[in-house]
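Using our numbering, the first residue of the sequence shown is number 60, and each one after it goes up by one.
Glycine included, each C-beta is placed from N, C-alpha and C at the ideal position.
Below is one structure, written out as structure tokens, with a few remarks after it.
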Amino acid sequence: MPDADPMVSRHRLSSELQEARRKAGYTQPDVARETGWSLSKVMRLESGRVKISMTDLKALISFYGLSPDASEKLRRAAEEARRQPWWYEYRSLLSEGFQSYLGYEASASVIRNFEALFIPGLLQTEEYARVALQQSVVPEKEELLDLRMKRQERMLSEANTELRFLIDEAALRRVVGTAELMEAQIRHLQEVSALEHVSIGVVPFSSGLYPLLRSPYVIFEFAKADQERVVYLENPDGSVILNNKAIVGVQRSVETYLEAFWEIENSYAQPITEWSSHLPQLAA
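Below, the structure is given as structure tokens:
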């Protein structure tokens with residue numbers, strides 16, 4: 060089981076603080092009035108937007124009259140949330156959405172990734188990633204390349220997380236860089252697919268249309284029963300994080316994406332080794 064990223068720990072602490080307050084029978088204005096804090100401070104602490112100090116945590120524990128067990132649970136959650144994530148040195152380059160993504164990636168027990176246009180980032184060779192990042196509008200391309208390679212090292216070298224990938228054939232046929240680069244990329248996919256915790260499937264052109272083929276997505280599943288699955292969508296106008304709670308303008312649920320992934324994996328996809336065995340340039 061992977062260790063929870065501090066971002067995920069902050070979300071958990073946020074939920075536990077809100078639950079403790081509600082069980083004690085207080086509203087946020089009640090807490091602000093009795094502690095002498097501003098209402099905005101109470102809201103920030105409960106939202107996880109700021110780190111809670113141990114002094115403030117002790118004040119809340121005392122005010123809510125928590126049991127020793129409940130108090131210790133909150134203290135542990137607060138300590139975990141105060142750790143710096145492994146990607147902390149890159150934080151100035153990353154959007155808030157992608158920081159959340161990295162937190163989920165580091166904490167998930169199962170990751171399911173569907174891509175229609177590009178090789179998934181965790182599976183890209185350094186040469187493929189360098190060419191792909193040239194299309195990025197940000198100037199720190201080498202720093203982002205370094206981050207991507209470190210993500211791969213963490214996720215592929217340690218079998219803590221089950222990684223399941225589905226790639227449309229279009230992504231494998233599109234030449235990124237040169238034909239030789241693409242051949243090396245496909246060989247890399249074959250090699251990675253041999254890892255026990257990695258599965259790579261290709262959806263061939265012959266499969267025709269299939270569910271949700273136009274949108275890349277990543278589904279994060281967690282070992283803790285009380286932590287909901289999360290879907291990450293990356294669109295041309297930015298990234299969106301979904302969960303099972305209603306979000307204005309979003310018509311699909313997490314279950315919709317999960318069911319689509321299962322259907323594609325079981326009814327449409329081929330293992331990368333089976334698909335690539337028919338490519339003459341690799342057989343030579």
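Query raised in the report: Exposed or buried, which one is Gly84 when buried takes at least 16 other CB atoms within 10 Å?
Result: Residue mapping note: residue 84 aligns to position 25 of the sequence shown, counting from 1. Around the C-beta of Gly84, fewer than 16 other C-beta atoms lie within 10 Å, and the residue is accordingly described as exposed.
**Report entry** Classification of Phe264 by the beta-carbon crowding that lies within 10 angstroms, buried from 16 upward
**Finding:** Here residue 264 is taken as the residue at index 205 of the sequence shown, counted from 1. With fewer than 16 other Cβ atoms within 10 Å, it is exposed.
Query raised in the report: Which residue's Cα is closest to the Cα of Phe344: Asp285, Leu104, Leu215, Leu271?
Result: Residue 344 is absent from the structure shown; the chain starts at 60 and stops at 343.
Query - Nearest-angstrom Cα separation, counted from Ala282 out to Arg210 - result: As a first step, residue 210 is located in the sequence shown; it is residue number 151 there, counting from the start. As a first step, residue 282 is located in the sequence shown; it is residue number 223 there, counting from the start. About 20 angstroms.
Query raised in the report: Expressed to the nearest angstrom, what Euclidean distance is found between the alpha-carbon atoms of Phe279 and Val290?
Result: Start at 1 with the first residue of the sequence shown, and residue 279 comes out as number 220. Start at 1 with the first residue of the sequence shown, and residue 290 comes out as number 231. Going from the Cα of Phe279 to the Cα of Val290 covers about 6 angstroms.
Query - Proximity winner among Asp285, Gly260, Ser274, relative to Trp334 (alpha-carbon distances) - result: In the sequence shown, residue 334 corresponds to position 275, counting from 1. That would be Gly260, whose Cα lies nearest to the Cα of Trp334.
**Report entry** In chain order, each beta strand (DSSP E) run of at least 3 residues that lies wholly inside the stretch 118-194
**Finding:** Every beta strand (DSSP E) stretch that sits fully inside the stretch 118-194 and reaches 3 residues is listed by chain position as 169-174.
Requested in this report: Drop a sphere of 10 angstroms on the beta-carbon of Gly267, count the other beta-carbons inside from all chains shown, and report buried for 16 or more, exposed for fewer.
Outcome: Your numbering for residue 267 matches position 208 in the sequence shown. Exposed, by the Cβ-count rule.
**Report entry** Among Ala243, Ile323, Thr220, Leu206, nearest to Gln158 - alpha-carbon criterion
**Finding:** By one-based count along the sequence shown, residue 158 stands at place 99. Nearest of Ala243, Ile323, Thr220, Leu206 to Gln158, Cα basis: Leu206.
Requested in this report: Could you have a look at Gln259 and say whether DSSP puts it in helix, strand or coil?
Outcome: Numbered from its first residue, the sequence shown carries residue 259 at position 200. Inspection of the sequence shows that residue 259 is occupied by Ile rather than by Gln. DSSP places Ile259 in strand when its eight states are reduced to three.
Query raised in the report: Exposed or buried, which one is Pro127 when buried takes at least 16 other CB atoms within 10 Å?
Result: Here the question's residue 127 lines up with position 68 in the sequence shown. So Pro127 ends up on the exposed side.
Query raised in the report: Using a Cβ-Cβ cut-off of 8 angstroms (strictly less than) and excluding sequence neighbours within five positions of Ala305, which residues of its own chain qualify?
Result: The sequence position of residue 305 within the sequence shown is 246, counting from 1. With a pLDDT of only 49 at Ala305, under the threshold of 50, the placement of this residue in the model should not be trusted, and no figure is reported.
Query - Whole-angstrom C-beta distance between Leu192 and Leu152, which should lie under 8 angstroms - result: In the sequence shown, the residue the question calls residue 152 occupies position 93. In the sequence shown, the residue the question calls residue 192 occupies position 133. Not a contact, Cβ separation roughly 12 angstroms.
Query - Minimum Cβ-Cβ distance from Ala243 to chain B less than 7 angstroms - result: This model lacks chain B altogether, as it is built from one protein chain only.
Requested in this report: For the beta strand (DSSP E) containing Asp227, list its first residue and its last residue.
Outcome: As a position in the sequence shown, residue 227 is number 168, starting the count at 1. Start and end: 221-227.
**Report entry** Beta-carbon contacts of Val190 that lie in its chain and below 8 angstroms, excluding the five residues immediately before and after
**Finding:** The count along the sequence shown starts at 1 and reaches residue 190 at position 131. Take Val190, set aside five residues on each side of it, and the residues of its chain with a beta-carbon closer than 8 angstroms to its own are Val235, Gly236, Leu240, in chain order.
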